[in-house]
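Colleague:
Protein chains in written order, with this note's numbering: chain A, 37 to 186; chain B, 37 to 186.
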């Protein structure tokens, strides 16, 4: 898979990804380090929460999404380095054993006004579980290099 | 520190946090699992990027921020479980050896129209390094329980 320059992106393009399975041990290990709350750590305590069972930290879902994105066909030249997200939603919880995959859609493509070698693409990335439910939706603006003139 | 109910929050309140130091080994370990791009993995290759040196994945900064938030004085009753973020920015990179801390400000407090036992607070959390530079700014809407009537 070759890298894509700004000129290779167009509004409406879609990109898929590989799949990643997340197990109970990964969920509790991530939570112990970064989000030590009972609904991410302990099945019995998690039963008493609105999630009614163990669920991954949203930041874990975000990190898993990033991994799938890096390995996906999106492949902007110069890598995936965003200045931030315009929106980040977690509509459904991620459960132990869930298999995640991505659907990416290009929402906007524009050359930079101030930097002639660069542009910006806006991409919505939806992370889906094996039941086709969205577990994360993010909208990111990514700087992308323009194709060097020969 | 007791937990806070909706009635304990007010617009303009600020909350601090403890501090967390992030070292090179943590940055490369997180990146190897979740964001395997050279600017997060390899000092020499990272010198050639716009970051001009090794920088943490934004998702690592987000996860570290979550950890500081869980341990902070914010302490909403029922835990910190957001449905998502309205905005997430990484204005400065996180470098090996950086010491991070949070400044949280309550932007909005409102009871839920549909759920009489619940409300929603909007909180801006700024993650700062030891040079007082913002490395992450997030705005989150968090559901918070109302104080149970006696």
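In this text, a Cβ means the ideal position worked out from N, Cα and C, and glycines have one as well. The model shown is predicted, which means the values in this text are computed figures rather than measured ones.
Around the Cβ of residue 38/B, are there at least 16 other Cβ atoms within 10 angstroms (buried) or fewer (exposed)?
Modeller: Exposed is the call here.
Colleague: Three-state secondary structure (DSSP) at residue 44/B?
Modeller: Three-state result, residue 44/B: helix.
Colleague: Should residue 59/B go down as buried or exposed, given a rule of 16 or more other Cβ atoms within 10 Å for buried?
Modeller: Exposed: under 16 other Cβ atoms inside 10 Å.
Colleague: If you pair each beta-carbon of the stretch 101-117 of chain A with each one of the stretch 73-90 of chain A, do three or more pairs fall below 8 angstroms?
Modeller: Because the criterion of three Cβ pairs below 8 angstroms is not met, the stretch 101-117 of chain A and the stretch 73-90 of chain A do not touch.
Colleague: According to DSSP, simplified to helix, strand and coil, what is residue 70/A?
Modeller: Helix.
Colleague: Go ahead and pull the three-state DSSP assignment for residue 189/A.
Modeller: Because residue 189/A is not part of the residues shown, which for chain A are 37 to 186, the question remains open.
Colleague: Checking 8 angstroms against the spacing of the C-beta atoms, do residue 180/B and residue 143/B come in under that value?
Modeller: No, they are not a contact pair.
Colleague: Around the Cβ of residue 82/B, are there at least 16 other Cβ atoms within 10 angstroms (buried) or fewer (exposed)?
Modeller: By the 10 Å Cβ count, residue 82/B comes out buried.
Colleague: Would the stretch 85-101 of chain B count as touching the stretch 134-150 of chain A if we require 3 or more Cβ pairs under 8 angstroms?
Modeller: Not touching, per the Cβ criterion.
Colleague: Tell me, to the nearest whole angstrom, how far the beta carbon of residue 122/A is from that of residue 135/B; I am working on the premise that it is less than 8 angstroms.
Modeller: 29 angstroms between Cβ atoms; not a contact.
Colleague: Let me know the secondary structure DSSP gives residue 120/B once reduced to three states.
Modeller: Residue 120/B falls in the strand class under three-state DSSP.
Colleague: Looking only at its chain, what residues have a beta carbon closer than 8 angstroms to the beta carbon of residue 70/A, apart from the 5 residues adjacent to it on each side?
Modeller: Hits under 8 angstroms: 93, 95 and 96.
Colleague: State buried or exposed for residue 129/A, treating a residue as buried only when at least 16 other CB atoms are found within 10 Å of its CB.
Modeller: With 16 or more other Cβ atoms within 10 Å, it is buried.
Colleague: With distances taken Cα to Cα, identify the nearest neighbour of residue 120/B among 158/B, 73/B, 52/B and 72/B.
Modeller: Looking at the Cα atoms, 158/B is the closest of the given residues.
Colleague: Here's the rule I'm using: 16 or more other beta-carbon atoms within 10 Å means buried, otherwise exposed. How should residue 166/A be labelled?
Modeller: With fewer than 16 Cβ atoms within 10 Å of its Cβ, residue 166/A is classed as exposed.
Colleague: Looking at chain B, is there any beta carbon in it that lies within less than 8 angstroms of the beta carbon of residue 100/A?
Modeller: Chain B contact via Cβ: present.
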